[in-house]
Amino acid sequence: MSLETLNERLKKFVISGDEEAAEKTASEILKAGMDPLEVIEKSLSPTMRLVGEKFEKGEYYVPELLCAAAAMETATRVLTAEMKGESKEKLKAKKIGRVVVGTVSGDIHDIGKNILALLLEVNGFDTYDLGKDVDSMKFIEKAAEVQADIIALSALMTTTKPAQKEVIDFLNEMGLRDKYTVMVGGAPTSKEWAEEIGADGWAETAERGVRLAQTLIRDR
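The sequence shown begins at 11 in this note's numbering and counts up one residue at a time.
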């Protein structure tokens, strides 16, 4: 099987969300001697961006998006396992920013946050997803650990919305507020809420969250 055919098969399996087939094809690509970094940059990343665009246009729904993401993640894991240090550093260097994202303390809702994390990743961000019901200090600790540019805080309940403010208050108290850009989102939040608590930006949807993150990075 030609290298071109293998690449096309990998793209197809990512788009269709066939995780097992994507994993097998990634292994075949390595055996064929292709450069893993080139495959990720020229095949996987553009393909996943296409999936993200389909989701934004309403052509794909959450299940298709998540299945495609799982297929890409599995294929990427196979490819990066064979990467040498220099290639891994090149891949990291191409990221446009680092984002720590999570659902705030007391809140167990994560679908919107999961979609945001996924779309950030496919749009070139190095994304660190802390999950749901995340203690406020953990956002700050992780941001310091990975030298994040942005902290993204999701809240899906009115009762947990104040935890977004708590993270910002902690940053102010620790003298770290200027070090990180903070963006907030979630059903009970608003632009007015973001301004009230001193956040740098607010997004109504995951798709707009990606655009916001791109703008915030550009303006840093």
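Each residue gets a CB set at the ideal place from its N, CA and C atoms; glycine is no exception.
Values in this document were obtained by computation on a predicted structure and should not be read as measured data.
Query: Rounded C-alpha distance that separates Glu83 from Ser26; Result: 14 Å
Query: Where Leu126 sits in the DSSP three-state scheme; Result: helix
Query: Coil, strand or helix - Ile160 by DSSP; Result: strand
Query: Within 7 Å, strictly: CB atoms of Gly219 and Leu126; Result: yes
Query: Reduced DSSP secondary structure (H/G/I, E/B, other) of Arg108; Result: strand
Query: Contacting residues, own chain, Cβ-Cβ under 8 Å from Ser200 (five flanking each side not counted); Result: Trp212
Query: Where Gly195 falls: helix, strand or coil (DSSP); Result: strand
Query: Per DSSP, cross-strand counterpart(s) of Val49; Result: Per DSSP, none; premise fails for Val49.
Query: The region 56 to 66 contacting the region 31 to 40, beta-carbon criterion three pairs below 8 Å; Result: no
Query: Residue interval of the beta strand (DSSP E) (run including Thr169); Result: First-last for Thr169: undefined, no H or E at that position.
Query: Leu166 beta carbon less than 7 Å from that of Val194; Result: no
Query: Pair within 7 Å by beta-carbon distance, Ala79 and Leu20; Result: no
Query: Endpoints, the beta strand (DSSP E) within which Asp229 is located; Result: No beta strand (DSSP E) contains Asp229, which is instead part of the alpha helix (DSSP H) from Ala216 to Asp229.
Query: Under 7 Å between C-beta atoms of Gly112 and Gly141; Result: yes
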